[in-house]
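To start, the structure under review is shown below, and the notes come after it.
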Amino acid sequence: MSAADPLQYHSTRGGVPAVPISQAIAAGLAPDGGLYVPERLPTLDPAAFDPHGSLADTATTLLMPFFAGDALLDELPAICAEAFTFDAPLRALPSHPATLMLELFHGPTSAFKDFGARFLAACLRRLPRADARPLTILVATSGDTGAAVAAAFHRQPNVNVVILYPDGLVSPRQAHQLGCFGDNVRALRVAGRFDDCQRMVKAALNDASLQAQRPLSSANSISLGRLLPQMSYHAHAALGWWHAHGTPLNFIVPTGNLGNALACLWVRELGLPIGEVRLACNANATLPDYFAGADYTPREAIATLANAMDVGAPSNFERLRWTFPDEAQLRQTLRAEGVDDGTISATALHHAREHGELVCPHTATAMHLLDQLRADGDAAPWAVVATAHPAKFETVLEPLLGHGLAVPPALASMLERPASAETLAADDAALKEWLRIHTDARAAGPS
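459 is the number that my numbering gives to position 403 of the sequence shown; each next residue is one higher, with no gaps.
This is how it looks when you write it as structure tokens:
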């Protein structure tokens, strides 16, 4: 695909004209309420990637077809270099010769969301805007997304960030991160669940009168600017394994809203050497029930130890159905398994005691699926996707392990700052009213 053959993006609901990727990234959500997807997924040759290249190099090669013909194409190498400044190491675990962990928690907020948030921020910094008014980035978070977006956009001129999170349903350290930035970042404690926060954000983005008063965009995984870069570390890990061993790498991905898992699947659909992909869920059973044969039935989320996965209505299921429009094929392509809180705790404790591996509750769901595979005699190469640093979940892990957890320096620095958040009802109108009242929010930089 050449620069003269641009890739267009349309809504999963088909109700609006196709747009270039810059416009899709700027908008976040399509005007008809759907999610932007490319008109087709390009095909890539594994040999096109530099086997000795960095993660940023892999990301540039991987994403270039998605930006073909777009104003951001020439900037893509610089965007990737700016976003991917920390590693995503694929580390062999001692428990089995073909067991690996893809560590995605080495960024500024100690969670995988840092990759996509920084890429999105780098894109938006380079996009011209006809509207001189500040752009407000809305983000619903079940734990880690909000802090990553806040860190990526903190003190960026002419941009505000408004974070919605379910009050009492994120870890204390996650909550502190969400409220510790100040300046152009505001945190709202919603008296509800993550699905309420997500619904409220979508309702605001789809309100034309509100958009006319205060320009809005999204930084959730509904945004292509978040989703596409999340393909990069899956591709980099798979290509590294393929160059070393000549075989595809299988992945177990902890998932709630399906963004990270979908990114992994898209890498495979592009033609890169990823084998089987399995979804590790918590006790929220929407996806496990569907892949077991039930109708897709969104439901109210329930609170679990793996709080960032507490999603009952995963937004990216629309993109998953677009990718695999035949339901039988979709169910053959994926398997999803739920892991309850007792098993999460038992798995984290077992791997800490037996193998010296500390994992966050979300990563523990994937470790449990891997333990089951090994117990059944599966000797294939599997990578567990480790989504967050265990120190973010001290109230879960420290009582379980009986000792404190070392805190990475970036997280420790955030925990030293004061933090605050405003309360908000779990109501679409409440957020819209808050946004209308706060149209003069702090967007010019440090106060």
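Glycine is no exception: its CB is placed at the ideal position from the N, C-alpha and C atoms. Predicted, not measured: the structure shown is a model, and the values here were computed from it.
Through-space distance from residue j to residue i, alpha-carbon basis
i, j, result
"PRO73", "LEU91", "13 Å"
"ASN276", "CYS253", "11 Å"
"SER227", "GLU413", "21 Å"
"ARG324", "GLY331", "7 Å"
"ASN363", "GLY315", "16 Å"
"ALA104", "TYR289", "16 Å"
"LEU194", "CYS320", "25 Å"
"PHE168", "PRO474", "24 Å"
"GLU383", "ALA348", "12 Å"
"GLY460", "GLU450", "8 Å"
"ILE493", "GLN269", "11 Å"
"ALA444", "LEU160", "7 Å"
"VAL441", "PRO310", "7 Å"
"HIS210", "PHE175", "14 Å"
"GLU410", "PRO153", "16 Å"
"LEU261", "ASP432", "47 Å"
"GLY71", "ALA83", "15 Å"
"PRO145", "ALA293", "8 Å"
"GLN64", "ALA127", "13 Å"
"PRO464", "PRO164", "9 Å"
"GLN212", "TRP490", "22 Å"
"ALA402", "ALA188", "53 Å"
Endpoints, the alpha helix (DSSP H) within which residue i is located
i, result
"PHE123", "Segment: none, PHE123 is in no alpha helix (DSSP H) and carries neither H nor E."
"ASN316", "315-325"
"LEU305", "First-last for LEU305: 305-310, but that is the beta strand (DSSP E), not the alpha helix (DSSP H)."
"HIS108", "That residue, HIS108, is in no alpha helix (DSSP H); it is neither H nor E in DSSP."
"PRO465", "465-471"
"VAL452", "450-457"
"THR399", "397-411"
"PRO234", "Checking the sequence, you will find Leu at residue 234 rather than Pro. Residues 228-235."
"VAL205", "201-209"
"ALA486", "484-493"
"GLN79", "77-83"
N- and C-terminal bounds of the beta strand (DSSP E) containing residue i
i, result
"MET256", "Taken as a continuous stretch (DSSP letters only), MET256 belongs to no beta strand (DSSP E), being part of the alpha helix (DSSP H) at 250-261."
"CYS337", "330-337"
"THR192", "191-196"
"THR389", "Per DSSP, THR389 belongs to no beta strand (DSSP E); it is in the alpha helix (DSSP H), 383-389."
"LEU244", "241-247"
"ALA178", "It is not in any beta strand (DSSP E) - ALA178 instead sits in the alpha helix (DSSP H) that spans 169-182."
Of the residues the options, the one placed nearest residue i, counting alpha carbons only
i, options, result
"PRO76", "PRO121, THR99, PRO107 and LEU335", "PRO121"
"LEU85", "PRO98, ARG96, HIS66 and ASP126", "HIS66"
"LEU118", "THR68, GLU159, GLN286 and ILE193", "GLN286"
"PRO100", "GLN79, LEU326 and GLN428", "Checking the sequence, you will find Leu at residue 100 rather than Pro. If we check each option's Cα against that of LEU100, LEU326 comes out closest."
"LEU453", "HIS407, GLN428 and LEU63", "HIS407"
"ALA139", "PRO153, LEU149 and THR114", "THR114"
"ALA477", "PHE161, VAL218, THR311 and LEU321", "VAL218"
"ALA80", "ARG174, ASN306 and PHE123", "PHE123"
"ASP61", "GLY109, SER78, GLY125 and ALA82", "GLY125"
"VAL241", "ALA207, GLY248, ALA188 and ASP223", "ALA207"
"VAL367", "LEU457, ALA186 and ILE358", "ILE358"
"VAL246", "ILE278, ALA481 and PRO446", "ALA481"
"PRO102", "ALA243, ALA178 and GLY296", "GLY296"
"PHE380", "LEU156, GLY109, GLY224 and ARG96", "ARG96"
"ARG249", "TRP378, ASP427 and ARG355", "ARG355"
"PRO446", "SER279, ALA112 and PRO455", "PRO455"
"LEU590", "LEU318, GLY312, VAL215 and GLY224", "This structure leaves residue 590 out entirely; the chain is present only between 57 and 503."
"ASP143", "ALA112, LEU129 and PRO329", "ALA112"
Chain C contact for residue i (CB, 8 Å cutoff)
i, result
"PHE347", "Here chain C cannot be found, since the structure has a single protein chain."
DSSP three-state assignment for residue i, whether helix, strand or coil
i, result
"TYR92", "strand"
"HIS66", "strand"
"LEU343", "helix"
"ARG377", "helix"
"VAL415", "coil"
"THR479", "strand"
"LEU295", "helix"
"ILE219", "strand"
"THR155", "strand"
"SER277", "coil"
"ALA148", "strand"
"GLU131", "helix"
"LEU272", "strand"
"ALA442", "strand"
"ALA115", "helix"
"ALA362", "coil"
"GLU138", "helix"
Distance cut-off 7 Å: residue i Cβ against heavy atoms of the ligand MN
i, result
"GLY89", "The model depicted lacks the ligand MN and carries no ligand whatsoever."
Segment contact flag, the segment 251-268 with the segment 228-235, C-beta cutoff 8 Å, min 3 pairs: For the pair of segments examined, the segment 251-268 was found not to touch the segment 228-235: the number of CB pairs separated by less than 8 Å stays below three.
At least 3 beta-carbon pairs within less than 8 Å: the segment 287-302 vs the segment 384-404: With the cut-off at 8 Å, the segment 287-302 and the segment 384-404 do not touch.
Segment contact flag, the segment 202-219 with the segment 235-245, C-beta cutoff 8 Å, min 3 pairs: A contact exists between the segment 202-219 and the segment 235-245.
Three or more C-beta pairs below 8 Å linking the segment 125-135 and the segment 175-186: Three or more pairs of CB atoms, one per stretch, sit closer than 8 Å, so the segment 125-135 contacts the segment 175-186.
Stretch pair the segment 369-389 + the segment 417-428: three plus CB contacts closer than 8 Å: With a cut-off of 8 Å, the segment 417-428 and the segment 369-389 do not count as touching, because too few Cβ pairs lie within range.
Stretch-stretch touch, CB-based, cutoff 8 Å, three pairs: the segment 335-342 with the segment 459-471: Here the segment 335-342 makes no contact with the segment 459-471; the two share fewer than three CB pairs at distances below 8 Å.
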